[in-house]
Amino acid sequence: MAESTIQQHPLVGWDKPELDLSEADWHSSSRGLGDVQIAFVEGFIAMRNSGRPESPSLIFTPAEWGAFVSGAREGEFDLT
Numbered sequence: 823m824a825e826s827t828i829q830q831h832p833l834v835g836w837d838k839p840e841l842d843l844s845e846a847d848w849h850s851s852s853r854g855l856g857d858v859q860i861a862f863v864e865g866f867i868a869m870r871n872s873g874r875p876e877s878p879s880l881i882f883t884p885a886e887w888g889a890f891v892s893g894a895r896e897g898e899f900d901l902t
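Numbering (my numbering), first residue to last: 823 to 902.
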């Protein structure tokens with residue numbers, strides 16, 4: 823049997839649109855250390871590294887963003 827040449831996208835199940843972030847209104851955190859910026863675009867939350875704004879942004883649904891913020895507040899991502 824011949825092997826299939828169809829390749830699946832690495833983000834199978836990815837249900838987020840390609841957002842145009844060129845006109846996004848980015849907001850920075852107040853501390854400035856390891857600063858990230860967020861923008862609210864078309865019902866999604868985009869997050870980027872302010873030191874490298876040309877790098878890809880992470881895109882969150884509101885539920886994902888809520889879980890991320892909750893985890894950060896609870897120390898889930900702290901280095902120990």
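C-beta: ideal position from N, C-alpha, C; glycine also.
- In this model, L880 and D900 are separated by some 19 Å (Cα to Cα).
- Per the coordinates, the alpha-carbon of S851 lies some 18 Å from the alpha-carbon of E876.
- R874 is classed as exposed because its beta carbon has fewer than 16 other beta carbons within 10 Å across all chains shown.
- For S892, the secondary structure class from DSSP, reduced to helix, strand or coil, is helix.
- DSSP places A885 within a helical segment (H, G or I) once states are collapsed to three.
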